[in-house]
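This report refers to the structure that appears directly beneath it.
Residue numbers (this note's numbering): 1 to 308.
Given below as structure tokens:
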């Protein structure tokens, strides 16, 4: 029989655990803001091409009819002289591309599948499922979204290193419910083995992590629609063939480096908050039964929160 704490102690436990929930909620709110900031910058530079339009307006160059409304909006925005160095990295003209429409002059395009190496996960044999200490978690969409849980399967099966994932890896779930599973994530659950139906997005040497991540996030509605069109029994998927026929711009290296200077600090703070929230949730779930049983008291638990 589990002992029941006195009412006064119960109230203290509830108040203490609420502080953990409040920290998690604060991190989530901060991350929504940070994500919006980074995505707005990505869209401005690589979708709307605002620096190119600003340069074209200043140089007196013509603006394509399709971008006229955007150009009119840019005219009303007071230019920050500190951004002139950034604008100098962009051309002052646009050119038409049959795959993508109007893009910055001199820039190239590439299939989305070519922006990184997309390594699909593996299948795992149940005979190797294990509770042994050295077993690693098999990471499916449930683990990506909710973390390691009691439902997670672990394995001692020896796999090729390409199926291993670690904190900070970009994971693209390409199969499942189009509205809840098709998405791009950052893994924060430690070393594990990647299950099939999920790509580990491995960067090229000249890639920028934040560019690739926010590109895939920006394309989520397109991926979702593709999966929905193929949906059977509630499941849909995005194939390699699909990713080869979706094109994106390929910015010059110096533009990617400049984007990284702005976005990396945002991304790093976002990642820290994400990791902290998962650790706080894990700590909360671990402490709850121990606090109720009296195994530990709140004064003993408080330092544990400070370490997260």
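Each residue gets a CB set at the ideal place from its N, CA and C atoms; glycine is no exception.
Beta-carbon proximity list for residue i, same chain, < 7 Å, skipping 5 on both sides
{"i": "residue 202", "result": "116, 117 and 119"}
{"i": "residue 30", "result": "273"}
{"i": "residue 169", "result": "187 and 200"}
{"i": "residue 280", "result": "20, 23, 24 and 308"}
{"i": "residue 27", "result": "273, 276 and 277"}
{"i": "residue 164", "result": "191 and 193"}
{"i": "residue 237", "result": "174, 175, 227 and 230"}
{"i": "residue 61", "result": "92 and 93"}
{"i": "residue 135", "result": "154, 155 and 156"}
{"i": "residue 99", "result": "109 and 247"}
{"i": "residue 309", "result": "The first residue shown for the chain is 1 and the last is 308, placing residue 309 beyond what the model contains."}
{"i": "residue 96", "result": "102"}
{"i": "residue 79", "result": "54"}
{"i": "residue 81", "result": "none"}
{"i": "residue 353", "result": "Absent from the model: residue 353. The displayed extent of the chain is 1 to 308, so no value can be given."}
{"i": "residue 71", "result": "53, 57 and 63"}
{"i": "residue 125", "result": "157"}
Beta-carbon contacts of residue i that lie in its chain and below 8 Å, excluding the five residues immediately before and after
{"i": "residue 131", "result": "154"}
{"i": "residue 234", "result": "177"}
{"i": "residue 254", "result": "89"}
{"i": "residue 128", "result": "155, 156 and 157"}
{"i": "residue 220", "result": "182, 183 and 184"}
{"i": "residue 240", "result": "113 and 118"}
Residue burial classification, residue i (beta-carbon count within 10 angstroms, cutoff 16)
{"i": "residue 263", "result": "buried"}
{"i": "residue 42", "result": "buried"}
{"i": "residue 7", "result": "exposed"}
{"i": "residue 243", "result": "buried"}
{"i": "residue 178", "result": "buried"}
{"i": "residue 15", "result": "exposed"}
{"i": "residue 258", "result": "buried"}
{"i": "residue 303", "result": "exposed"}
{"i": "residue 251", "result": "buried"}
{"i": "residue 182", "result": "buried"}
{"i": "residue 144", "result": "buried"}
Proximity to residue i [Cα-Cα], best of the options
{"i": "residue 48", "options": "67, 32 and 60", "result": "67"}
{"i": "residue 191", "options": "94, 79, 175 and 161", "result": "161"}
{"i": "residue 285", "options": "17, 249 and 7", "result": "17"}
{"i": "residue 69", "options": "54, 134 and 42", "result": "54"}
{"i": "residue 102", "options": "252, 64, 78 and 73", "result": "64"}
{"i": "residue 282", "options": "180, 241 and 146", "result": "146"}
{"i": "residue 44", "options": "302, 98 and 87", "result": "87"}
{"i": "residue 224", "options": "10, 11 and 180", "result": "180"}
{"i": "residue 92", "options": "81, 98, 107 and 123", "result": "107"}
{"i": "residue 157", "options": "289, 144 and 195", "result": "195"}
{"i": "residue 325", "options": "11, 38, 9 and 10", "result": "Because the chain in this structure spans residues 1 to 308, residue 325 falls outside the shown range and cannot be described."}
{"i": "residue 261", "options": "125, 209 and 112", "result": "209"}
{"i": "residue 218", "options": "10, 9, 36 and 11", "result": "36"}
Beta-carbon separation (whole angstroms), residue i vs residue j, contact threshold 8 Å
{"i": "residue 13", "j": "residue 298", "result": "7 Å"}
{"i": "residue 184", "j": "residue 167", "result": "16 Å between Cβ atoms; not a contact."}
{"i": "residue 249", "j": "residue 222", "result": "At roughly 15 Å, the Cβ-Cβ gap does not stay under 8 Å, so residue 249 and residue 222 are not in contact."}
{"i": "residue 89", "j": "residue 105", "result": "About 13 Å; that fails the 8 Å criterion."}
{"i": "residue 198", "j": "residue 171", "result": "6 Å"}
{"i": "residue 74", "j": "residue 57", "result": "6 Å"}
{"i": "residue 301", "j": "residue 287", "result": "5 Å"}
{"i": "residue 159", "j": "residue 123", "result": "With a Cβ gap of about 10 Å, residue 159 and residue 123 do not count as contacting."}
Close Cβ partners of residue i (< 6 Å) along its chain, the five nearest in sequence each way excluded
{"i": "residue 59", "result": "92"}
{"i": "residue 256", "result": "208 and 211"}
Evaluate the contact criterion for the region 205-214 versus the region 142-157: three or more CB pairs, one atom per stretch, below 8 Å. With the cut-off at 8 Å, the region 205-214 and the region 142-157 do not touch.
Are there three or more Cβ pairs, one per stretch, closer than 8 Å when the region 210-224 is compared with the region 270-280? Counting Cβ pairs under 8 Å, fewer than three are found: no touch.
Cβ contact check for the region 222-238 and the region 132-143: 3 or more pairs under 8 Å: no
Determine, using beta-carbon pairs with one atom in the region 34-51 and one in the region 288-297, whether at least three such pairs fall under 8 Å. no
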